[in-house]
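Notes follow once the structure below has been shown.
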Ligand code: G3P
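What follows is the structure, given as structure tokens:
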């Protein structure tokens with residue numbers, strides 16, 4: 006399956022829950038239809054099935070637990086997200102870190118289920134370490150820039166550059182990505198795509214914001 010160039014994480018934002026999650030996801034689908042730039046959405050677990058049933062764009066979970074189905078109260082399994090319609094999951098987000106051995110086990114479970122893995126890392130060296138476990142993609146996000154609106158591509162372009170140099174395979178970058186220029190620069194520095202949250206999740210008009218970001222992908226490719 007084609008990996009999205011823009012991945013929007015809804016986190017636990019109330020502005021990206023329920024009806025509003027659906028509104029953002031439909032806006033992302035519309036942007037894909039109009040521009041050809043594939044946008045993936047990452048709703049909260051409780052909204053996964055509703056969103057996956059409603060849109061044709063890729064829908065990811067925010068996290069899965071490293072357990073097989075069974076007696077694990079409160080756990081979210083790979084089988085559960087797949088059944089809900091997710092095509093894959095984020096893993097090891099800065100706000101949901103897990104140990105390296107847990108990443109390894111979960112990646113195995115995801116492979117068995119034929120689901121996509123995007124493993125997050127807080128810097129390029131950690132990104133390289135997790136890329137050795139052969140996920141489908143690695144997303145590097147400096148935690149101190151997350152939610153600031155100051156893009157990694159502006160504040161720390163060397164992080165983007167080094168991530169692309171060190172990591173073999175698909176590299177997303179994120180933290181503070183919120184404008185068209187942020188996308189252009191991230192991709193010009195060699196990233197495959199961007200992972201972002203607040204700029205879209207909290208936008209008054211998610212469609213316009215997503216369109217602006219998608220235009221950044223198109224500009225970078227010209
Ligand atoms: O998962 C994306 C995220 O951590 C970046 O957040 O709000 O800075 O785009 P934000």
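In my numbering, the protein residues as written are 6 to 227. Positions of the beta carbon are idealized from the N, C-alpha and C atoms, including for glycine. Small disclaimer: the values here were computed from a predicted structure and weren't measured.
Pick helix, strand or coil for residue 46, following the three-state DSSP scheme.
-> strand
Residues that DSSP places opposite residue 126 in a beta bridge = 145
Let me know the secondary structure DSSP gives residue 175 once reduced to three states.
-> strand
Going by the CB atoms, is the gap between residue 99 and residue 148 shorter than 8 angstroms?
-> The answer is yes: Cβ separation under 8 angstroms.
Alpha-carbon to alpha-carbon, residue 154 and residue 10 | 19 angstroms
Have a look at 75, 71, 202 and flag the residue whose alpha-carbon is nearest the alpha-carbon of residue 116.
-> 71
Pull up the distance between the alpha-carbon of residue 101 and that of residue 223, whole angstroms please.
-> 32 angstroms
Would you kindly report the start and end of the unbroken beta strand (DSSP E) that includes residue 201?
-> 198–201
Rounded distance between the beta-carbons of residue 61 and residue 39, thought under 8 angstroms | At roughly 14 angstroms, the Cβ-Cβ gap does not stay under 8 angstroms, so residue 39 and residue 61 are not in contact.
Range covered by the beta strand (DSSP E) that runs through residue 94 | 93–96
Residue 121 by DSSP, collapsed to three states: which one?
-> Strand.
Just how far apart, CA to CA, sit residue 133 and residue 178?
-> Per the coordinates, the alpha-carbon of residue 133 lies some 13 angstroms from the alpha-carbon of residue 178.
To which residues of the same chain is residue 56 closer than 7 angstroms at the C-beta, ignoring the five residues directly before and after it?
-> 26, 27, 30, 46, 48, 64
Just curious, the alpha helix (DSSP H) that residue 228 is in, first and last residue?
-> The structure shown does not extend to residue 228, since the chain is modelled only from 6 through 227, so no value can be given for it.
Just how far apart, CA to CA, sit residue 175 and residue 142?
-> 5 angstroms
Report yes if the CB atom of residue 199 is closer than 8 angstroms to the CB atom of residue 215, and no otherwise.
-> no
Can you list, in chain order, the residues of its chain whose CB lies under 6 angstroms from that of residue 156, leaving out five sequence neighbours each side?
-> 181, 182, 187
Exposed or buried, which one is residue 52 when buried takes at least 16 other CB atoms within 10 Å?
-> buried
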